[in-house]
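Undergrad: Residue numbers (the working numbering): 1 to 101.
Here it is, written out as structure tokens:
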């Protein structure tokens with residue numbers, strides 16, 4: 001199917017094992033400026049509040065039939081022209097306000 005499913009990201013990370021996960025950098029005030037945009041990071045915190053859900057175009061089928069997602073980012077960037085997409089799917093995010101431990 002080629003489309004991401006709920007929980008697949010977490011399951012794939014767990015399947016990599018602790019050796020690979022230990023290579024994922026921690027996000028701290030000291031490392032924040034040195035990490036490239038879009039990097040996978042680890043951060044330790046506590047959920048303080050659940051915010052209202054956000055609805056957004058999470059997947060789009062381009063004119064060449066390829067699927068693109070904005071699930072882990074804020075936009076599709078220049079990879080997708082939404083005006084010429086064959087199909088789109090609405091996703092839901094449930095943002096939370098977290099505080100560091």
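For every residue, glycine included, the Cβ atom is placed at its ideal position computed from N, Cα and C.
#1: Measuring straight from C-alpha to C-alpha, what distance separates residue 54 and residue 83?
#2: Please state the DSSP three-state secondary structure of residue 97.
#3: Using the Cα positions of residue 17 and residue 98, report the straight-line distance between them to the nearest angstrom.
#4: What separation, rounded to the nearest whole angstrom, lies between the Cα atoms of residue 51 and residue 57?
#5: Report buried or exposed for residue 59, applying the criterion of at least 16 other Cβ atoms within 10 angstroms of its Cβ.
TA: According to the data block:
#1: Per the coordinates, the alpha-carbon of residue 54 lies some 21 Å from the alpha-carbon of residue 83.
#2: When secondary structure is reduced to three states using DSSP, residue 97 falls in the strand class.
#3: The straight-line gap from Cα to Cα measures roughly 26 Å.
#4: Their Cα atoms are separated by approximately 19 Å.
#5: With 16 or more other Cβ atoms within 10 Å, it is buried.
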